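Structure, as C-alpha cells:
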Amino acid sequence: MNADIKGNDVVVSNVRDFLLSQTLECGQCFHFVRLGEEDYVLSAMGRCLHVSQRGDNLIFHDTSMEDYVNIWEKYFDLDRDYGAIKAILLEKDDALKPAIDAMWGVRILNQDFFETLISFIISQNQQIVRIKQIVAGISYNCGRELAPFPVVFPDAKTGCSETEGKSTNPEIVLKGVCYSFPDADAILAAGVERIRECKAGFRSPYIIDACEKYKSGIINEKELRAADYTDCIEMLKQIKGVGDKVANCVALFSLGKRNAFPVDVWIKRSMESIYFGKETPIARIQTLADEKYGEYGGYAQQYLFYFGKVNEIGKKTRK
DNA sequence: CACCAGGCGATCT
DNA sequence: AGATCGCATGGT
Numbered sequence: 002m003n004a005d006i007k008g009n010d011v012v013v014s015n016v017r018d019f020l021l022s023q024t025l026e027c028g029q030c031f032h033f034v035r036l037g038e039e040d041y042v043l044s045a046m047g048r049c050l051h052v053s054q055r056g057d058n059l060i061f062h063d064t065s066m067e068d069y070v071n072i073w074e075k076y077f078d079l080d081r082d083y084g085a086i087k088a089i090l091l092e093k094d095d096a097l098k099p100a101i102d103a104m105w106g107v108r109i110l111n112q113d114f115f116e117t118l119i120s121f122i123i124s125q126n127q128q129i130v131r132i133k134q135i136v137a138g139i140s141y142n143c144g145r146e147l148a149p150f151p152v153v154f155p156d157a158k159t160g161c162s163e164t165e166g167k168s169t170n171p172e173i174v175l176k177g178v179c180y181s182f183p184d185a186d187a188i189l190a191a192g193v194e195r196i197r198e199c200k201a202g203f204r205s206p207y208i209i210d211a212c213e214k215y216k217s218g219i220i221n222e223k224e225l226r227a228a229d230y231t232d233c234i235e236m237l238k239q240i241k242g243v244g245d246k247v248a249n250c251v252a253l254f255s256l257g258k259r260n261a262f263p264v265d266v267w268i269k270r271s272m273e274s275i276y277f278g279k280e281t282p283i284a285r286i287q288t289l290a291d292e293k294y295g296e297y298g299g300y301a302q303q304y305l306f307y308f309g310k311v312n313e314i315g316k317k318t319r320k
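Each residue of the first sequence is one higher than the one before, starting from 2 at the first, in this note's numbering.
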C-alpha cells in the first residue's frame, strides 16, 4: 500500500481486503451518500470527503496528503493487516468462512466517539435507512455547513432539509451542501424539541442525556479508551438509552475495543442459525462469541452481521 | 397494509 | 434474574 498525490487527489494504491461500498454500507456509519459504483461522499471527522475506489486504488478526491495521513488512513483502518485477522478468525472457527468470503472488503472504521454515541442511540429499534435520515436531519439542523459539495444528502429529507419536495436522486439533485455532525453544545442549544422535529421520537431525551453526561465529564472519552472492555461498557450504560447493544457498537466503532460484540436482531439470527439451531437468549450468544472469537469478536461480528442481514438469515418469511 | 426495525426502560413475577 | 410491554415513526 502506497499513497501518492495526483493532481488534487490522494491515490492509495495496492489496497488489500478493502471494498469501499462494503465498509460504508455494512451498518457501522450513517452519514454518507452513494454517488455511483464505489463512489461516495461522506461527512465525518468535521469534514466532507469525496472518496472512490477503482480496483485496488482508493481515491481521496480534493484531499491533502496531510489530511490523508492524519485522518483518513486511521478512519478507514487502512494501517491494519486484515489478511492476518481473517486467517486468525478462520483458525478459530471455519464456520465464519462464508461470511468472510462474501464480505471480504469490510473494515471496521475508527469513527468519532461523540457522533458514534449519538448515532447508535438513535439506531435503537429503527431501520438503517431511517437512522441515516435522522443523522442527516440533526446535522442539517444543528451542524456546521461544510465546504459546498455538488450533491445534496438525500436522506436529509422529510422536513429536515432543503431537499424536501425535490428529487432525492443524487444524479439529479446537483446543488447542495454537506453538514458536519453537531457537537454536544450545538445539540443542547437546539433543545429536545428540535431533536424531536428531526424524528428521533422517544430517543430524543436519551440524546439530551448523552450530551449532558458528555459535557459534564461523567462520560469521558479518554477514560473510556483507557478502560478495559467491561468497564467501558458499564460506563457507557450510565447514559439513558444506552444498553448492551448500543454500548458495544460505540466501543467497537469509536473506542477501539475490537473484542466488543454487539448482539442485534441479525447477529442473533445468524448465531442461532450457525451454532444453536433454535431461539437463544442474547446473554448466551454473547458468551459464546467471547469464547469462540475472544479478542477478535468485533471483526467476526461485522462479517456475520452484514452477511446475515444481506441474506436475511433466519428472518421470518411471510406467507 | 400489517409487520417490524443494528433496543431499551419500566414494570411486573 | 427473567418475561412482557410500550415506545415514535415510517420503510418494506
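Note that beta-carbon positions come from the ideal geometry of N, C-alpha and C, so glycine has one too.
As the structure is a computational prediction, the values presented were derived from the model and not from experiment.
- One Cα belongs to residue 312, the other to residue 99, and the distance between them is close to 11 Å.
- In the structure shown, residue 244 adopts coil according to DSSP, grouped into three states.
- Contact annotation: residue 58 and residue 22 have beta-carbon atoms that are not nearer than 8 Å.
- If you compare the alpha carbons of 12, 116 and 53 with that of residue 255, the shortest gap goes to 116.
- Secondary structure of residue 40 (DSSP, three-state): strand.
- With a cutoff of 8 Å on beta-carbon distance, residue 61 and residue 136 are scored as not near each other.
- Bridge partners of residue 55 according to DSSP: 58.
- Judged by DSSP secondary structure, residue 7 falls within the beta strand (DSSP E) whose first and last residues are 3 to 7.
- Counting along the chain, no alpha helix (DSSP H) covers residue 14; the unbroken beta strand (DSSP E) around it starts and ends at 10 to 14.
- In the displayed model, residue 35 falls within a strand according to three-state DSSP.
- Under the rule that a run must span 3 or more residues, no beta strand (DSSP E) segment is found entirely inside the segment 60 to 134.
- Beyond the five residues adjoining it in sequence on each side, residue 200 comes within less than 6 Å, by CB distance, of 135 in the same chain, given in chain order.
- Looking from the CA of residue 219, the closest CA among 227, 236 and 204 belongs to 236.
- By the neighbour-count criterion, in which 16 or more other beta carbons inside 10 Å mark a residue as buried, residue 208 falls on the buried side.
- In this structure, residue 269 and residue 230 do not form a Cβ contact; the two beta carbons are roughly 20 Å apart against a cut-off of 8 Å.
- Going by DSSP, residue 201 is part of no alpha helix (DSSP H) at all; its letter is neither H nor E.
- Taking a contact as a CB-CB distance under 8 Å, the pair residue 89 and residue 297 counts as one, their CB atoms being some 6 Å apart.
- Beta-bridge partners of residue 50 (DSSP): 43.
- Around the CB of residue 239, fewer than 16 other CB atoms lie within 10 Å, so the residue is classed as exposed.
- For residue 288, the enclosing alpha helix (DSSP H) has its first and last residue at 283 to 294.
- Burial of residue 104 is indicated by the presence of at least 16 other C-beta atoms within 10 angstroms of its C-beta.
- Here the alpha carbon of residue 36 sits roughly 7 Å from the alpha carbon of residue 42.
- In the DSSP annotation of this structure, the continuous segment of the alpha helix (DSSP H) that includes residue 188 starts and ends at 185 to 191.
- In this structure, DSSP gives residue 280 a state outside helix and strand, which the three-state scheme calls coil.
- Of 44, 48, 66 and 39, the smallest CA-CA separation from residue 54 is found for 39.
- If you check the CB distance, residue 108 and residue 82 do not come in under 8 Å.
- Of the other Cβ atoms in all chains shown, 16 or more fall within 10 Å of the Cβ of residue 303; this residue is therefore buried.
- The alpha-carbon separation between residue 24 and residue 30 amounts to approximately 9 Å.
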